[in-house]
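Undergrad:
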């Protein structure tokens, strides 16, 4: 590229050789899936803080097949009438899971001691069409549901059709407009509460930062921004506003990925500070510590866990 | 003042009336109110400073302390690796890595 400096007279060839300045609009990259639009922000800001003990053990029987056992003991919150008090009921359950991973087919099943069965399937029907299905069966009546998603990946766009069991239909579409900007929209119609909604989303990413914005007719407006400071550190901030119920939340968080550990912390405008520490004690053995302080409601939650395999 | 000049006021009746007059003077009342207000404001300030210090302190403990500990461990690990690399030298080709 450096030796192709044309003479100043030929302006057209001059324009084409400066490849790094001119965008080739027919060759844009494929955008991220619509539901993963804000995945970098979710990794930092929506870390799964838990309360109590968590133990996960997974064992691979084969190259493709693995089993997992997990035990969770801790209080779970029950929604109460007054917003000030939270009712916590100590629960403990064991979950057995089986996973099958193939390049074209992925099957995951989980069975819990309270009788809930959860199954997920992801199948590549062709190299552009992917079927995802998700189902949950439970003992309680009317709590079972299933959802099917068909994803089509085009050269610079993605389209998804979603069908759910209680007459839920949704579709999303996202398109790369420039190599860095992608815009998308979604439409859904839910049969049981007769509601329909429409939403728009935009994502702008460079090597160092990612900014996304989403607006939906269900009333939410969400914007987030993630800046990658170095290979190990990234900072994220998020703003969510619901114009129907008038709640506003803003949060700031960090994510440090070190060699032996990963620390994620976040502070909120609701007065909630939370942190999650995952440390690799040895090969395949991870130790987790989670803390969440809610200063407004004076509710403090701490958890620890171990992940093997 | 006229009352003070009459015989230094050391007799019992005079004494109480002089002190009573001083104590009931308007300036003394203002001083008393100011002292009450100052105590009230300083109690509130102490309480709110205490609450803020608690919130800031516990949030610092959760958000910053694990990060400092892990960053220091990572740095020490880096130093140990550097030391080992300088002592042992570069690994021979085909070494277990």
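Residue numbers (the working numbering), protein chains in the order written: chain A, 983 to 1291; chain B, 39 to 135. Using N, Cα and C, we set each Cβ at its ideal position, and we do this for glycine too.
So which residues on chain B does residue 1036 of chain A lean against when the C-beta distance must stay under 7 Å?
TA: None at all; the shortest Cβ gap to chain B is about 18 Å.
Undergrad: Under a three-way DSSP split, which group does residue 1082 of chain A fall into?
TA: Reduced to three states, the DSSP call for residue 1082 of chain A is strand.
Undergrad: Flag this pair as yes or no: are the beta carbons of residue 1195 of chain A and residue 1183 of chain A separated by less than 8 Å?
TA: Their beta carbons are under 8 Å apart, which means residue 1195 of chain A touches residue 1183 of chain A by this criterion.
Undergrad: Nearest by alpha-carbon distance to residue 1150 of chain A: which of A:1040, A:1286 and A:1169 is it?
TA: The shortest Cα separation from residue 1150 of chain A among A:1040, A:1286 and A:1169 belongs to A:1169.
Undergrad: Is the Cβ-Cβ distance between residue 1203 of chain A and residue 1223 of chain A less than 8 Å?
TA: Yes. Within cutoff.
Undergrad: For the beta strand (DSSP E) containing residue 1131 of chain A, name the first residue and the last one.
TA: It spans 1127-1135 - the beta strand (DSSP E) in which residue 1131 of chain A sits, taken as one unbroken run.
Undergrad: Which of helix, strand or coil does DSSP assign to residue 1265 of chain A?
TA: Of the three classes helix, strand and coil, the one that applies to residue 1265 of chain A here is coil, per DSSP.
Undergrad: Who pairs with residue 1156 of chain A in a beta bridge, going by DSSP?
TA: For residue 1156 of chain A, which the question treats as bridged, DSSP gives the partners A:1140 and A:1166.
Undergrad: Rounded to whole angstroms, what is the Cα-Cα separation between residue 993 of chain A and residue 1006 of chain A?
TA: Residue placement at residue 993 of chain A is flagged as unreliable, the pLDDT there being 42, under the threshold of 50; a coordinate-derived value is accordingly withheld.
Undergrad: Chain B beta carbons: is any one of them nearer than 8 Å to that of residue 1208 of chain A?
TA: Not an interface residue.
Undergrad: Taking only three categories from DSSP, how would you classify residue 1196 of chain A?
TA: In the structure shown, residue 1196 of chain A sits in a strand (DSSP, three-state: E or B).
Undergrad: Going along chain A in order, which residues have a C-beta closer than 8 Å to the C-beta of residue 122 of chain B?
TA: What residue 122 of chain B touches in chain A: nothing, since even the nearest Cβ is about 15 Å away.
Undergrad: CA-CA distance, residue 1291 of chain A and residue 1175 of chain A?
TA: Spanning the two alpha carbons is a distance of roughly 43 Å.
Undergrad: Can you tell me where the beta strand (DSSP E) holding residue 1104 of chain A begins and where it ends?
TA: Taken as a continuous stretch (DSSP letters only), the beta strand (DSSP E) holding residue 1104 of chain A covers 1099-1106.
Undergrad: Hey, how far is the Cα of residue 1014 of chain A from the Cα of residue 1162 of chain A?
TA: So the alpha carbons of these two residues sit roughly 11 Å apart.
Undergrad: Residues in the same chain with beta-carbon distance under 6 Å from residue 1218 of chain A, minus the five sequence neighbours each way, listed in chain order, please.
TA: The answer, listed in chain order, is 1023, 1026, 1027, 1208 and 1235.
Undergrad: Are the C-beta atoms of residue 27 of chain B and some chain A residue less than 8 Å apart?
TA: Coverage of chain B is limited to positions 39 through 135, which leaves residue 27 of chain B absent and any answer about it impossible.
Undergrad: Quick one: Cα of residue 1252 of chain A to Cα of residue 1230 of chain A, how far?
TA: Distance between the alpha carbons of residue 1252 of chain A and residue 1230 of chain A is about 9 Å.
Undergrad: Could you tell me which chain A residues have their CB closer than 9 Å to the CB of residue 97 of chain B, listed as they occur along the chain?
TA: Correct list: 1249, 1255, 1275 and 1277.
Undergrad: Count the other CB atoms within 10 Å of the CB of residue 1142 of chain A; is the residue buried (16 or more) or exposed (fewer)?
TA: The residue is buried, with at least 16 neighbouring Cβ atoms inside 10 Å.
Undergrad: Just to confirm before moving on: does the CB-CB distance between residue 1212 of chain A and residue 1011 of chain A stay below 8 Å?
TA: For residue 1212 of chain A and residue 1011 of chain A, no; Cβs fall outside 8 Å.
Undergrad: For residue 1118 of chain A, which of helix, strand or coil comes out of DSSP?
TA: If DSSP states are grouped into helix, strand and coil, residue 1118 of chain A belongs with the strands.
Undergrad: With distances taken between CB atoms, is the gap from residue 1304 of chain A to residue 1197 of chain A smaller than 8 Å?
TA: Nothing in the structure corresponds to residue 1304 of chain A, since chain A is present only between 983 and 1291.
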